[in-house]
Structure formats: structure tokens, C-alpha cells
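K.L.:
Structure incoming, see below.
Numbering (this note's numbering), first residue to last: 35 to 209.
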């Protein structure tokens, strides 16, 4: 998240690309182990607040070194970032597909840059990557992101109220 006014506030962040399960994340929210959780699925539960942050357009990302500028609509070698325990929630695998699951964001980009694997990233992220190194497809789908906080944390940490307000006013950017 990026917001100059919020940088000085104290929050409990655990930057985990692959939290073991949603239930573990929700439990950690309730006990105050973490203050907020960003997920691709909304949560409807009276103990939590769930706010849609944004909708991202998704594109294929490939190495120009191995593929040039042309991207097929159904690549055969896909690398995916793991998200909790639902690996096939957004993109189901086909029997003829060579898929590779990874939970390291740095390795994700290294593998794409140095191999024939194709990744899936947000269009916003793609726009920040080198167009000399990577080629990008048109939009292939969308993904929603949600902020989830425990009600008790909103009461105890005023900065969470400010974050929620900024989300509702579309003044908060995820990068």
C-alpha cells in the first residue's frame, strides 16, 4: 500500500505471499497477530469488515529473450504464484499444460525472464516492468482484491479506520 500520510503509523505487517490458509489469517486477525489481510475473496462474517480495494486487469508476461513479442492466448508453460490453499481458484489447469507453482515473488520474475515460462500479472504491474525484457498480452481476465480487518482491530487501531476511509474514497493505491 502506498500513502504518504500512513507511513508513520504502526501496523503489524507479515508479508507472506503464501499464508497457510484463510482460516489461519482470519484467526490471526482476531487475536491481533496481524492488523489487516489482503485477499482475492470477499469475507462475509460479522466479526470482520471486508472492503473491496480494487479490480486489476490481468495479462500474460513472457521473456522476450525466449519468445519475442508474440504471446499465444493459451500458453503451454505457465508459472503461477501460490495464493493460500486455492491454487486453481482463478486459473484451472489443463491436462496438456506444464504448470509450475512458486511462492517467491523474486523467483517468479527470475524464472519468467530466464525461461520459456509464462506468468500472469496485473496490467498495472506489467506497466512497471522493462518492455525490453518482457512482452505482455492483452487483458486475459480480472481479479478483485479485498481488505479484511477484524472489527476489534478497527476499534483499537485508528489507523485502520483511516485506511478504510481512503479505500472508500479511492485514495489508496496498491502497488
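Idealized CB from N, CA, C, for every residue including glycine.
Please confirm whether residue 97 and residue 146 have their CB atoms less than 8 Å apart.
P.N.:
Yes, these two residues count as a Cβ contact at 8 Å.
K.L.:
Using 10 angstroms around the beta-carbon of residue 109, count the other beta-carbons present and answer buried if the total reaches 16, otherwise exposed.
P.N.:
buried
K.L.:
Measure the alpha-carbon distance for residue 188 versus residue 93 and round it to whole angstroms.
P.N.:
Those two C-alpha atoms are separated by around 35 Å.
K.L.:
Would you kindly report the start and end of the unbroken beta strand (DSSP E) that includes residue 198?
P.N.:
Counted as a single uninterrupted DSSP element, the stretch harbouring residue 198 is not any beta strand (DSSP E) but the alpha helix (DSSP H) occupying residues 192-202.
K.L.:
Measure the alpha-carbon distance for residue 186 versus residue 82 and round it to whole angstroms.
P.N.:
About 8 Å.
K.L.:
Let me know the secondary structure DSSP gives residue 115 once reduced to three states.
P.N.:
strand
K.L.:
Go ahead and pull the three-state DSSP assignment for residue 182.
P.N.:
strand
K.L.:
Can you find the residues in the same chain that come closer than 8 Å, C-beta to C-beta, to residue 180, ignoring five residues on each side of it along the sequence?
P.N.:
72, 73, 74, 75, 76, 77, 84, 85, 86 and 87
K.L.:
Per DSSP, what kind of secondary structure is residue 57 in: helix, strand or coil?
P.N.:
helix
K.L.:
Is the CB-CB distance between residue 91 and residue 157 below 8 Å?
P.N.:
In this structure, residue 157 lies closer than 8 Å to residue 91 by Cβ.
K.L.:
Our contact map puts residue 169 next to residue 101 with C-beta atoms below 8 Å; I'd like the distance itself, whole angstroms only.
P.N.:
Right, their Cβ atoms sit about 6 Å apart.
K.L.:
State the CB to CB distance for the pair residue 182 and residue 70, rounded to an integer number of angstroms; the pair is presumed to be in contact (CB under 8 Å).
P.N.:
7 Å
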